[in-house]
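Protein chains in written order, with my numbering: chain A, 403 to 838; chain B, 47 to 668. C-beta atoms are modelled at their ideal positions from N, C-alpha and C, and glycine is treated no differently.
#1: On the DSSP bridge assignment, give the partners of residue 571 of chain B in chain order.
#2: In chain C, which residues lie less than 7 Å from residue 68 of chain B when you measure between Cβ atoms?
#3: Quick one: grab the DSSP three-state call for residue 113 of chain B.
#4: What's the C-alpha gap between residue 487 of chain B and residue 150 of chain B?
#5: What does the Cβ neighbour count give for residue 674 of chain B, buried or exposed, with the cut at 16 atoms within 10 Å?
#6: Drop a sphere of 10 angstroms on the beta-carbon of residue 89 of chain B, count the other beta-carbons inside from all chains shown, and report buried for 16 or more, exposed for fewer.
#7: With H, G and I counted as helix, E and B as strand and the rest as coil, what does DSSP make of residue 388 of chain B?
#8: Which one or two residues does DSSP pair with residue 344 of chain B in a beta bridge?
#9: Within 10 angstroms of the Cβ of residue 640 of chain A, are there 16 or more other Cβ atoms? Answer buried if so, exposed if not.
#10: Below 8 Å on the Cβ atoms is my guess for residue 726 of chain A versus residue 736 of chain A; work out the distance and round it to an integer in Å.
#11: At what residues does the alpha helix (DSSP H) containing residue 461 of chain B begin and finish?
#12: Enumerate, from N- to C-terminal direction, the unbroken alpha helix (DSSP H) stretches of 4 or more residues contained entirely within the region 376-464 of chain B.
#13: Of all the options A/783, A/500, A/572, A/476, which has the alpha carbon lying nearest to the alpha carbon of residue 511 of chain A?
#14: Checking contacts by CB at 8 Å: is residue 431 of chain A closer than that to chain B?
#15: Quick check: residue 658 of chain A and residue 606 of chain A, are their CB atoms within less than 8 Å of each other?
#16: Does any residue of chain B bring its CB to less than 8 Å from the CB of residue 615 of chain A?
#17: Taking the runs of the beta strand (DSSP E) that are 3 residues or longer, which of them lie wholly in the region 478-537 of chain B?
#18: Use the C-beta contact count for residue 490 of chain B: other C-beta atoms within 10 angstroms, 16 or more gives buried, fewer gives exposed.
#19: Leaving out five residues before and five after residue 669 of chain B in sequence, what residues of the same chain have Cβ atoms less than 7 Å from its Cβ?
#20: Between residue 63 of chain B and the rest of its own chain, which residues show a CB-CB distance below 8 Å, the 5 nearest in sequence each way excluded?
#21: Judging by CA-CA distance, which residue of B/663, B/538, B/258 is the nearest neighbour of residue 583 of chain B?
#22: Counting only the same chain and skipping the five closest in sequence on each side, list residues whose C-beta sits under 7 Å from that of residue 634 of chain B.
#23: Compute the Euclidean distance between the alpha carbons of residue 668 of chain B and residue 612 of chain B, then round it to the nearest angstrom.
#24: Could you tell me whether any Cβ in chain B is nearer than 8 Å to the Cβ of residue 598 of chain A?
#25: Check each residue of the region 129-157 of chain B: if its Cβ is closer than 9 Å to any Cβ of chain A, include it; give the result in chain order.
#26: Please go through the region 161-224 of chain B and give each complete alpha helix (DSSP H) segment of 4 or more residues, from N-terminal end onward.
#27: Determine the direct distance from the alpha carbon of residue 339 of chain B to that of residue 313 of chain B, and round the result to whole angstroms.
#28: Taking the DSSP output, what are the residues bridged to residue 576 of chain B?
#29: I want to verify the contact list: residues of chain A whose CB lies under 8 Å from the CB of residue 585 of chain B, in sequence order.
#30: For residue 87 of chain B, collect the residues of the same chain with a Cβ closer than 6 Å to its Cβ; drop the 5 residues on either side in sequence, then sort them by chain order.
#31: Under three-state DSSP, which class holds residue 411 of chain A?
#32: Can you give me the Cβ contacts of residue 402 of chain B inside the same chain, cut-off strictly under 6 Å, excluding the 5 residues immediately before and after it?
#33: Going by alpha carbons, who is nearest to residue 815 of chain A out of A/461, A/694, A/686?
#34: So with Cβ pairs under 8 Å, would you call residue 483 of chain B a contact of chain A?
#35: Using only alpha-carbon positions, find the residue among A/761, A/704, A/476 that is nearest to residue 49 of chain B.
#36: List the residues that DSSP assigns as beta-bridge partners of residue 243 of chain B.
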């Protein structure tokens with residue numbers, strides 16, 4: 403242990419040699435494309451300097467610089483530092499989240515920031531890093547056995563605490579991100595039928611809204627019949643559990659109706675209605691496009707209007723006309739779509755996909771379980787952001803406001819996503835030492 | 047499994063996104079973005095529609111300025127509806143309905159709110175318009191007619207409809223397009239091209255400068271001035287003669303194929319379809335399904351041509367060598383088809399080609415027709431040859447003239463009869479009626495006029511056309527400037543033309559002779575039937591006349607088809623002679639004929655089938 407500490411701290415560039423440059427390359431490409439499009443979304447006529455920190459793109463450039471410093475720090479620090487202090491970090495970030503209830507600054511209706519004078523710190527971004535660390539730490543503990551109910555519960559609790567603290571800000575989108583860390587627990591042995599149950603619930607929820615309980619029941623009855631006809635020779639179906647699953651499904655479907663109509667607020671109903679294309683009346687559709695569905699409709703249209711080749715850098719008419727709200731932050735992907743076309747959007751989708759797959763690969767090759775679990779945490783967090791953000795912008799998911807990592811405008815976001823990633827790359831760089 | 051869960055999800059989502067993006071950006075993408083982009087506003091500059099002149103440079107159609115009130119629904123601010131409606135001269139309900147309709151069409155594209163303000167309304171409104179955000183007045187030009195005739199030839203323009211918009215991306219709502227006639231045919235020439243200026247807007251609809259620095263902006267291109275082949279004087283005269291009659295007249299200059307006049311009766315004043323009364327008038331004209339004034343009979347009415355067809359059968363018989371001009375055929379006051387006798391009014395006796403034509407002997411042509419078929423081993427072969435000759439005169443198919451509508455007419459083929467009677471279960475006697483222009487043959491007036499043009503030229507014709515000049519330059523389209531040859535040799539025309547001239551000198555048309563002009567013509571009297579309460583009922587014969595003149599230097603070929611006008615020289619013959627004289631001499635000396643034609647109408651005849659009472663046909667007194 404002492405030997406490795408000396409080696410890394412004595413020659414910083416040996417870390418640089420061992421760091422996974424492919425991931426770094428993907429990272430740089432995504433940050434660069436992101437900044438270019440923030441520039442395009444926010445630049446105004448007659449503006450000359452790139453380094454004017456009063457402009458949004460100037461600020462983002464500043465944070466890109468800050469990220470470079472953060473990367474150097476992260477890489478320079480001793481590798482055991484993260485594992486050793488992860489519980490402390492977790493605790494600190496939970497305190498910061500709690501502190502928001504007293505000292506928080508409210509922007510756009512959400513009390514999610516600390517005003518530090520020169521910039522606003524969003525502790526929920528920090529909490530993503532610390533929660534990933536804490537979960538890895540807990541799961542890699544020799545005493546933890548994920549097959550035990552109690553330990554499963556503790557692991558889930560680590561995710562639930564920050565989520566519960568963030569929901570009342572209100573920022574349900576960010577809270578959702580923490581649940582993605584469940585992928586780490588699955589990787590470490592949480593039985594997959596948990597996932598099956600969740601997926602089934604989502605499926606029934608969507609099917610009930612889209613087709614109604616009656617059709618769902620009819621479909622279910624048909625499926626059951628087919629199932630019995632196919633299986634009856636080889637397999638004796640346990641009637642009672644099977645039937646109870648069916649009954650629960652139907653009851654759940656009925657309760658979905660109840661929850662949707664009585665517990666949800668109208669804006670939630672509208673979002674789901676929009677997402678599932680429940681409204682067929684063209685007049686009402688037009689109305690929805692102007693109100694609740696305005697963002698989605700405009701961003702879809704902006705992307706569509708880009709075509710295959712796009713309209714060109716700084717040539718996006720809808721971007722210039724500011725038709726898509728929040729285009730520099732949550733809807734940055736629509737700028738890419740309009741100005742760079744399918745070539746641009748496909749490039750970004752592929753960059754993210756490759757980066758994520760690369761990180762999974764890196765995680766799997768770790769010998770140290772903590773590194774592997776943290777790596778999975780990083781992938782889960784980046785993936786859920788990518789999935790929900792792009793899905794929302796291109797209109798296949800309901801509106802949930804979370805940023806696209808490394809691309810959306812936002813100082814805390816860029817900084818902490820960078821730290822999140824590079825802690826893992828730091829761990830990975832040390833991988834061979836662990837074995838030696 | 048647990049190792050692959052997250053990776054496979056990542057791949058799955060990546061593929062899903064690429065799929066959705068290619069759907070949006072490749073399949074849904076339409077290159078027509080500029081029109082739909084809410085960030086770009088197009089301001090249009092409309093050129094004036096081209097003027098239309100007649101062959102002698104006389105103005106037929108020009109323009110008048112008009113003012114439309116336009117609305118862009120998205121920009122409308124709350125307003126004093128009552129006051130505004132007062133200014134516009136419409137009631138509040140209608141205003142609301144129109145506004146709603148405009149919004150449904152598009153919230154951000156302009157729609158027409160009120161069409162064609164009167165000059166007074168325009169003056170009153172102009173000053174106050176600034177108060178009403180979202181509304182503006184657009185100047186456009188309306189068609190102005192310097193003639194009250196030629197409605198069906200000239201056509202009219204009207205606002206583009208949903209179908210036009212879907213079919214041609216050039217147009218946007220509220221724009222005008224040629225709907226029928228010349229206006230439709232030469233829409234692109236007359237229309238020119240609108241200029242456009244693109245403005246970049248933000249989402250609050252504020253202008254934020256020219257789009258792409260104005261590089262896509264265009265200047266308007268003026269509509270072209272065109273001259274038609276129509277002779278305004280002749281056209282107006284013909285329409286005057288047609289008052290109270292139904293049918294068509296087409297006159298063609300044989301040496302060029304230029305259509306001198308195209309008259310359909312009844313017709314209407316083209317000015318009816320301009321201005322604020324337009325839709326009311328249109329409904330009235332359109333709903334008159336009996337007289338059908340908007341139906342251009344000169345090119346659309348397919349009728350049995352009657353005796354004029356005898357001239358063609360004579361030509362075919364000569365060409366095939368089955369008889370010569372001295373061959374005689376006896377007329378027994380008719381001829382036999384099987385055991386059934388068909389009548390003839392020529393007086394009977396021995397007929398040769400000359401007297402066959404000028405006395406219009408049915409028996410002679412039935413005989414000639416049989417000879418054509420008897421030359422060949424099978425009627426099939428005979429039919430093919432006959433059909434080929436007929437079609438070379440532009441019959442039985444679209445002529446190819448430059449008007450948007452047409453009918454093929456009909457020259458029956460062996461397939462036609464095989465279908466009708468069964469394979470090979472028919473012979474020349476089944477189809478003998480075609481020899482005298484009855485039976486299965488059908489032709490439109492313009493086809494008959496073209497047939498006469500081909501005879502006048504002794505064997506060729508130029509495809510009839512209506513466009514003479516564009517911006518003062520003669521057209522050079524080879525479709526209209528190159529002659530089309532018929533299958534009949536030049537030498538065979540002389541005896542036939544001699545016979546046609548004798549029709550005028552001493553035959554069935556001697557009553558309508560024109561002093562100092564030698565005319566070759568042929569009368570026709572076509573039987574026709576209708577159904578009254580499901581019963582096939584014969585009506586008074588159609589009166590047909592075809593002619594060209596002068597015989598040795600033809601300047602005009604004409605076909606006149608008057609529905610239920612009885613025998614050929616009666617209405618059709620009168621009108622043809624008057625038209626020929628008017629065109630060649632510039633004035634009419636046949637005052638008696640002219641007076642008769644101006645006074646007489648066939649309204650009584652047309653009312654007969656609808657009277658619900660018994661009626662007589664082919665009445666001698668007139």
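Taking the structure as given:
#1: Residue 571 of chain B is bridged to B/589.
#2: This model lacks chain C altogether, as its protein chains are A and B.
#3: strand
#4: 51 Å
#5: With chain B covering 47 to 668 only, the question about residue 674 of chain B has no answer from this structure.
#6: With fewer than 16 other CB atoms across the displayed protein chains lying within 10 angstroms of its CB, residue 89 of chain B is exposed.
#7: strand
#8: Partner(s): none; residue 344 of chain B has no beta bridge.
#9: exposed
#10: 5 Å
#11: 460-467
#12: 399-404, 408-420, 425-437
#13: Nearest Cα to residue 511 of chain A within the set A/783, A/500, A/572, A/476: A/572.
#14: no
#15: yes
#16: no
#17: DSSP runs (the beta strand (DSSP E)) wholly in the region 478-537 of chain B: 513-516.
#18: buried
#19: A query on residue 669 of chain B cannot be resolved here, the shown segment of chain B reaching from 47 to 668 and no further.
#20: Around residue 63 of chain B, the same chain offers no residue with a beta carbon nearer than 8 Å, after the five sequence neighbours per side are excluded.
#21: B/663
#22: 624, 627, 628, 640
#23: Those two C-alpha atoms are separated by around 10 Å.
#24: no
#25: 149, 150, 153
#26: 165-174, 197-200, 208-213
#27: Pairing residue 313 of chain B with residue 339 of chain B, the inter-Cα distance amounts to about 5 Å.
#28: B/583
#29: Going along chain A, no residue has its Cβ under 8 Å from residue 585 of chain B, so there is no contact; the nearest lies around 52 Å.
#30: The beta carbon of residue 87 of chain B is closer than 6 Å to those of 245, 247 in its chain, skipping five residues each way along the sequence.
#31: Note that residue 411 of chain A scores 44 on pLDDT, short of 50, meaning its location in the model is unreliable; the coordinates nonetheless yield the value given after this. Reduced to three states, the DSSP call for residue 411 of chain A is helix.
#32: 410
#33: A/461
#34: Answer no: the Cβ-Cβ gap between residue 483 of chain B and chain A never drops below 8 Å.
#35: A/761
#36: DSSP lists B/89 as the bridge partner or partners of residue 243 of chain B.
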